[in-house]
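Below is one structure; the comments refer to it alone.
Numbering (full-length UniProt numbering), first residue to last: 1 to 89.
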């Protein structure tokens, strides 16, 4: 699921506005909007805050914002990279 969908779904489930989520993340609402639309990239500190608030793996967020093709899986035991060649076969 794309980060923008995750952020919107998180806000819907928790019935909070973009402004309220931005406050939890300690950023401006406009910055959150830029992040949701990939106009701007988050700092590593912000990635960690986002992952903690959204309760998702920070690597999933990094994959969304990265221009490189990063493949990994996350489970309750953590995240790990997957072999791209195996995934393409």
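Backbone N, C-alpha and C define an ideal beta-carbon position, used for all residues, glycine too.
**OP:** State the start and end residues of the unbroken alpha helix (DSSP H) segment that holds residue 31.
**Re:** Run containing residue 31: 29-36, per the alpha helix (DSSP H) assignment.
*Cα-Cα, which of 44, 38, 50, 55 is closest to residue 23?*
Nearest option by C-alpha distance: 50.
Taking its Cβ as the centre, do 16 or more other Cβ atoms sit within 10 Å of residue 60, making it buried, or is it exposed? Residue 60 comes out buried.
- Task: Starting from the Cα of residue 9, find the closest Cα among 53, 58, 41 and give me that residue.
- Result: Residue 53 holds the alpha-carbon nearest to the alpha-carbon of residue 9 among 53, 58, 41.
CA-to-CA distance, residue 29 to residue 11, given in whole angstroms | In this structure, the straight-line span from the alpha carbon of residue 11 to that of residue 29 is close to 13 angstroms.
### Task
Spatial neighbours of residue 21 within its chain, please: CB distance less than 8 angstroms, with the 5 preceding and 5 following residues excluded, ordered by chain position.
Answer for residue 21: 7, 10, 11, 32, 53, listed in chain order.
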